[in-house]
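Chemist:
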Amino acid sequence: MEVTRKRPIILLIICIIGILWSLVNFIMVFSPFIKKISDWTPAIFGIIVALQFISFIGVWHMKRWGPMLYISAFFAKLIFSVFVNDVSYVGIGLGSVFTVFFLIYYRRMDDEL
Amino acid sequence: MLFLTLFKESFLFAIQALVTNKLRSFLSLLGITIGIFAIISVFTMTDSLEAKLRDSVKSLGDNVIYIQKWPWTFGPDYPWWKYMDRPVPNISELDQVRKFSKKGEAFAFMVTAKGTAKYKSNSVENSDLLCVSHEYDKLRVFEVINGRYFSESESSSGKAICIIGNTIAEGLFAGEDPVGKDIKVRGNRLTVIGVLKKEGESMIGSNIDTQILIPINFARNIVDLRSDRFDPVILVKAYPGVTNDELIDELTGVMRAIRKLKPVADDDFALNQTSMLSGQVNDLFDVVGIAGWIIGGFSILVGGFGIANIMFVSVKERTNLIGIQKSLGAKNYFVLLQFLSEAVMLSVIGGILGLLLIYAGTFVVENLMDMDINLTKSNIILGLTISALIGVVSGFVPAYNGSQLDPVEAIRSN
């Protein structure tokens, strides 16, 4: 019997904000500011942004790999921000709020791909 | 092994999709191609120009301070009327600066004038006459390719000799060896003892090829060394390890002492450095870079939607194939990676086309504008990374939807 997993409204809002935010961040990947830091910075930042985008798709489909991927990407981005000396406290706060909501609904999510 | 199989299959699928729907694929890839072209061409251009600027600054001396009457850059509330009354630096101050400065390694005095250089019936108008003291060669980077630099005795005695730039040499002595020949400048006969290596015009306006170097002690006969018209300047080069700011601090004190300025009086001299000029050009590059980023960014975003669109169509077209694959035991991740690799492949092909266009463009620009433009390794990496990532981002949703299909329903679809 197929189990339908209804997406809570708060996760819907987070996913929409997150996907749009990832697209905006994606444009930042090839900005001159990022490129100036080093040759490999755009590639690393781009991979993190792509992982965040994919994690929101996972959450959208109520899959457990979504929050897991999101948390991994969140910490990777945090380390990257510290490394390039561009820590955004708004980003950390928002990311933490997203993580809390993801963990609240984690049990309701599907553990398959 | 699985990855290689996936890669091979995805590549074949991508090629098949490209060949079967040539126009559709071409239009979808066009966005990525244009985006990569826009961004990477701007980066290539600015990188090449920045490299040229760096060379120009280096040749002028990036650790050299120019003591002058006028500053090179002005603020919005620039009191030019106060600067009018300032004295110009003079050659006697050069000796005092050399005596009191502890952080300066080399010192020179220079005035610049314009003049027509003549040899037999040939002449070069508007040549830059650089009347310099002996240590000038320690402050500026240049190479004498034919002949030699002034000797100390020639400089101090003010011998009628000169070193000419490459353009002057070509203009006056087409085919002849200039060394040892006499040229006429401002009515004075000068013997050419050296020719400078050709460098081309620098990004900050100076052009060594049109310059004629003359010992300052001879130049006294040609120009008035105390005249504001000839822009007298004292050049001071810092010792290795001494920053420009440290040297500026010291020179400020030294110049104030030499000119006996009271503690409350304003400085009556300007201490200029090449970074003031390169900073302004760098600001311009930043604006160009941001413009290219915005234009290219939106092109790439639109290109990404194109790739997503083609992948949705691709999944729809191959739904029954997905069904057969899954019914034969293919896992979700296999189908996901298959379509994701195809999207990345398509996107990377678009990116490679964009990079090839830039590569061809560099030849055109180099030939048309006589500029050295290089598509650097870092820009190639950036272009390929962006295309691969846009492939992942835009192909993930269609690929994931495809991987979640029910095998029975997928087989039934036509």
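Residue numbers (our numbering), protein chains in the order written: chain A, 1 to 113; chain B, 1001 to 1414.
Every residue, glycine too, gets a C-beta built ideally from N, C-alpha and C.
All values derive from a computational prediction rather than experimental measurement.
(1) What does the Cβ neighbour count give for K1260(B), buried or exposed, with the cut at 16 atoms within 10 Å?
(2) Is R1218(B) close to chain A, meaning its C-beta is less than 7 Å from at least one C-beta of that chain?
(3) Is the beta carbon of I1040(B) less than 7 Å from the beta carbon of I1358(B)?
(4) Assuming I1032(B) and G1354(B) are in contact, meaning their beta carbons sit under 8 Å apart, how far apart are those beta carbons, in whole angstroms?
(5) Measuring only between beta-carbons, confirm whether Y1239(B) sits less than 7 Å from chain A.
(6) Which residues in the same chain as G1391(B) place their Cβ atom closer than 6 Å to its Cβ, once the five residues preceding and following it in sequence are excluded?
(7) Residues in the region 26-44 of chain A with C-beta within 8 Å of chain B's C-beta atoms, listed in sequence order?
(8) Comparing the C-beta of G95(A) with each C-beta of chain B, is any distance below 7 Å?
(9) Rounded to the nearest angstrom, what separates I1300(B) and I1036(B) at their Cα positions?
(10) Which residues does DSSP list as the beta-bridge partners of Q1016(B)?
(11) Is there at least one Cβ from chain A nearer than 7 Å to T1044(B)'s Cβ?
(12) Looking only at its chain, what residues have a beta carbon closer than 6 Å to the beta carbon of E1105(B), apart from the 5 residues adjacent to it on each side?
(13) Taking the DSSP output, what are the residues bridged to I1164(B)?
(14) By the three-class DSSP mapping on this structure, what secondary structure does D1286(B) have?
(15) What residues from chain B crowd round I54(A), counting only those whose CB sits closer than 9 Å?
(16) Taking C-beta pairs closer than 7 Å, name the residues in chain B that I57(A) reaches, listed in chain order.
(17) Can you round the beta-carbon distance between I54(A) and L69(A) to whole angstroms, since I take them to be within the 8 Å contact cut?
(18) With H, G and I counted as helix, E and B as strand and the rest as coil, what does DSSP make of M1(A)?
(19) Would L113(A) count as contacting chain B if we go by Cβ distances under 7 Å?
(20) If you compare alpha carbons, which of I1324(B), F1100(B), G1180(B) is closest to G1194(B)?
(21) Would you check if the region 1091-1100 of chain B and the region 1255-1272 of chain B touch, i.e. whether three or more CB-CB distances between them fall below 8 Å?
(22) Residue ranges of each alpha helix (DSSP H) run of no fewer than 4 residues wholly in the region 44-101 of chain A, ordered along the chain?
(23) How many Å lie between D1085(B) and D1267(B) at the Cα?
(24) Roughly how many angstroms lie between the CA atoms of M1(A) and K63(A), to the nearest whole one?
(25) Could you check what DSSP says for Q1404(B) in three-state terms: helix, strand or coil?
(26) Can you give me the C-alpha to C-alpha distance between W21(A) and N1401(B), rounded to a whole angstrom?
(27) Would you tell me roughly how many angstroms separate the C-alpha atoms of D1286(B) and P32(A), rounded to the nearest one?
(28) Could you list which residues in chain B have their beta carbon closer than 8 Å to that of G66(A), in chain order?
(29) Rounded to whole angstroms, what's the CA-CA distance from I1065(B) to P1232(B)? Just pull it up for me.
(30) Can you pull the chain A residues whose beta carbon is under 9 Å from the beta carbon of N1332(B), in chain order?
(31) Using CA coordinates, which residue listed in K1082(B), S1341(B), V1397(B), I1411(B) is at the minimum distance from T1005(B)?
(32) If I'm right that L1196(B) touches I1214(B) with Cβ under 8 Å, what's the distance once you round it to whole angstroms?
(33) Measuring only the C-alpha atoms, how far is N1418(B) from A1113(B)?
(34) Alpha carbon to alpha carbon, how far is F26(A) from G46(A)? Give it in angstroms, no decimals.
(35) With 16 other CB atoms within 10 Å as the buried threshold, where does Y1136(B) fall?
(36) Which residues bound the alpha helix (DSSP H) around L1094(B)?
Modeler: Straight from the coordinates:
(1) exposed
(2) In the sequence as presented, Arg is not what sits at residue 1218(B); that position holds Phe. Not a single C-beta of chain A is nearer than 7 Å to the C-beta of F1218(B).
(3) Yes, Cβ-Cβ distance for I1040(B) and I1358(B) is below 7 Å.
(4) 7 Å
(5) no
(6) A1343, V1344, S1347
(7) Contact residues of the region 26-44 of chain A toward chain B are F26, I27, V29, F30, S31, P32, K35, D39, W40, P42, A43 (C-beta to C-beta distance below 8 Å).
(8) No, its Cβ sits nowhere closer than 7 Å to a Cβ of chain B.
(9) 7 Å
(10) Q1016(B) pairs with nothing; no bridge assigned.
(11) no
(12) K1237, Y1239
(13) According to DSSP, I1164(B) bridges with V1195(B), I1212(B).
(14) helix
(15) V1392, V1393, F1396, Y1400
(16) Ordered by position in chain B, the residues that pass the 7 Å Cβ test against I57(A) are F1396, V1397, Y1400.
(17) 6 Å
(18) In this prediction, M1(A) scores a pLDDT of 48, lower than 50, which makes its location untrustworthy; no coordinate-derived value is stated.
(19) yes
(20) G1180(B)
(21) Yes: the two stretches touch, three or more of their Cβ pairs being nearer than 8 Å.
(22) 65-83
(23) 12 Å
(24) For M1(A), the predicted structure reports a pLDDT of 48, less than 50, and the residue's modelled location is therefore unreliable. The matter cannot be settled from this model.
(25) In the displayed model, Q1404(B) falls within coil according to three-state DSSP, outside both helix and strand.
(26) Distance between the alpha carbons of W21(A) and N1401(B) is about 22 Å.
(27) 8 Å
(28) None at all; the shortest Cβ gap to chain B is about 11 Å.
(29) One Cα belongs to I1065(B), the other to P1232(B), and the distance between them is close to 14 Å.
(30) Those within 9 Å of N1332(B) in chain A are E112, L113.
(31) S1341(B)
(32) Taking 8 Å as the upper bound for CB-CB distance, L1196(B) and I1214(B) are not in contact here, some 13 Å apart.
(33) Because chain B spans 1001 through 1414 in this model, residue 1418(B) falls outside it and cannot be assessed.
(34) 7 Å
(35) buried
(36) 1091-1100
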